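Residue numbers (the working numbering): 224 to 862. A short worksheet on the structure shown next.
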């Protein structure tokens, strides 16, 4: 298992295979999610050896199922298969390593849905573990299932609430599903054939899917269920796969570990859409209890007592997102790059309740006059912002940027307990912080180049670059707009501005973290990052070759695949391989398998496999491998 190094979905550079050297900016909040329409829609990760986990494991995801599963002809029960590793047929010792599903367990007396986890102990022998907690349809739920092979038990956690572990009957056969694949949505059947799931397809939306090759403890699961995984996660090195599902187009679901990107099957690019899952950059979890502000999430939630207390056993969280919201429609002109969310699994808390909520703005950048601030609210990322009746409490004076807004939420509050909140102002003394759209890095033999782009700037003097080596605890200033004219800001700008900084004072083999600070004319500061870069000079090779899109595309009868290899200092010959595969990664045709000098090349593919047979119409992948670096693109063959 390779150590995962998270990569950004929105803006990323892949500099090597096996060693992923860039960690970049995240999309705002939950960003996007993937919606499945049932029938035959699923995501495949191919054989994915990192996901064929025979020992203890943790499966974790957010899912919103609008309706219960209907009748499924392939399976004898109504079910949604959410996460599966297996294959069709009974030709092996077992064909199911794991299948997390929602199932109707009582077809005779009525619909009675439960979460289940399935594995096989031998050919055709399903070991089904059924949990007590029923699924709630029509809202987001955070689902965790864990297999503990030391105690032969499975455990379910829903929205932070943990069930008693259930002992499973027979152990998983370690020789099973050696030719299996991993998928989201859909389950495998008993009939032999290809690795195409025959049924169990989800009608609903998924977000933040994580698979760990270990048992993640309950406290950590709760602390991280409402925020994205970063290198600060205690089990970061145990990630087997992590799909944020933040893409907005295309047919690839990016694995943030770099191990197993998924391919959307029988789906449309419109299946990507805005996510309303409660996910941010920092969070605080509680269970029917007060929440106290932290440095990362400055929100207090204080419940009433007696009849005004919440019902017992309900999960809630406060969340901070360190980006501007996806839409500012309805807001005043000045919008910070910070907003908050309050989430609960049940807006009513099983009865009458009252909660006093305080939003502290001490650390929100750019506030010079809090008197003109207004607290706005919307239900979720697809909602419309509207002003609240929150009361301002000034903890100092009107011009020191400290204080909080306070609102009271009850069972009868419009919109319920959950919602998103943001501070906004029309006062020119509360400037709009710099809106950064990208923050990237490139590795060269001589050092690391940082590149960033701003969408807009207001009163921006310039930038400071801070760097820390091997950890995030010792940041030092390495360059400033005061001494480097390249870092001077654009002042006021509504157009894109591009900046770069080359850091030559780096040592090979070390990991560097970079933070950008933008500084306004009034001295206000806001940070961007951190950006993680592993400096390996050999990674510069990935800057020295390109793989272009084939043309024509789609094509019949043939297409051209161009690529270029640039010379690298001290090296001019490169082991090169160009192959065609299907979407499951099975090799169709080898076009190049040779040692090539640096140069420009174009190879043709006529739609035939290695046995000179015409392939069927459909989507195919072409992969260029130069030394140990890989690049892959898609193309469409029409026959």
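Where is the CB? At the ideal position from N, CA and C, for every residue including glycine. Model, not experiment: these values are computed from the prediction.
Residue from the options with nearest C-alpha to residue i
i	options	result
residue 707	698, 688, 693 and 787	688
residue 520	580, 529, 494 and 757	580
residue 456	439, 468 and 471	439
residue 541	356, 459 and 641	641
residue 353	344, 346, 386 and 371	386
residue 504	549, 496, 484 and 451	451
residue 347	382, 498, 309 and 658	309
residue 479	432, 511, 322 and 491	432
residue 827	782, 595, 802 and 604	782
residue 334	292, 340, 303 and 373	292
residue 340	615, 307 and 512	307
residue 785	776, 749, 472 and 733	776
residue 290	270, 264, 282 and 260	260
Through-space distance from residue j to residue i, alpha-carbon basis
i	j	result
residue 286	residue 690	38 Å
residue 837	residue 831	4 Å
residue 364	residue 585	32 Å
residue 815	residue 351	47 Å
residue 651	residue 593	With a pLDDT of 49 at residue 651, under the threshold of 50, the modelled position of that residue is not reliable, and no figure is offered here.
residue 751	residue 434	29 Å
residue 405	residue 482	12 Å
residue 730	residue 758	7 Å
residue 754	residue 700	15 Å
residue 325	residue 422	13 Å
residue 266	residue 323	15 Å
residue 570	residue 361	13 Å
residue 821	residue 809	28 Å
residue 848	residue 855	9 Å
residue 327	residue 668	59 Å
residue 813	residue 800	8 Å
residue 696	residue 710	24 Å
residue 859	residue 273	29 Å
residue 288	residue 356	15 Å
Beta-ladder partner(s) of residue i, from DSSP
i	result
residue 716	680
residue 435	281 and 462
residue 857	844
residue 488	265
residue 259	427
residue 685	711 and 742
residue 816	800
residue 729	Its beta-bridge partners do not exist; DSSP assigns none.
residue 352	340
residue 786	770 and 824
residue 609	600
residue 523	581
residue 572	Per DSSP, none; premise fails for residue 572.
residue 276	None; residue 276 has no bridge partner.
residue 345	348
residue 849	799 and 852
Sub-8 Å separation of residue i and residue j beta-carbons
i	j	result
residue 349	residue 319	yes
residue 741	residue 683	yes
residue 818	residue 839	no
residue 632	residue 613	no
residue 495	residue 477	no
residue 547	residue 531	no
residue 284	residue 305	yes
residue 448	residue 257	no
residue 680	residue 713	yes
residue 425	residue 303	yes
residue 497	residue 604	yes
The alpha helix (DSSP H) enclosing residue i, as first and last residue numbers
i	result
residue 441	441-447
Enclosing beta strand (DSSP E) for residue i [first to last residue]
i	result
residue 324	319-327
residue 794	Here residue 794 belongs to no beta strand (DSSP E), and DSSP marks it neither H nor E.
residue 451	It is not in any beta strand (DSSP E) - residue 451 carries neither H nor E in the DSSP assignment.
residue 538	538-544
residue 288	Note, residue 288: premise wrong, no beta strand (DSSP E); not H, not E.
residue 759	Per DSSP, residue 759 belongs to no beta strand (DSSP E) and is neither H nor E.
residue 496	495-497
residue 305	302-309
residue 643	642-647
residue 376	376-381
residue 178	Look at the range of the chain in this structure, 224 to 862, and you will see that residue 178 is not part of it.
residue 703	699-703
residue 626	626-633
residue 469	Residue 469 -> no beta strand (DSSP E), and no H or E assigned at all.
residue 567	562-567
residue 360	Residue 360 -> no beta strand (DSSP E), and no H or E assigned at all.
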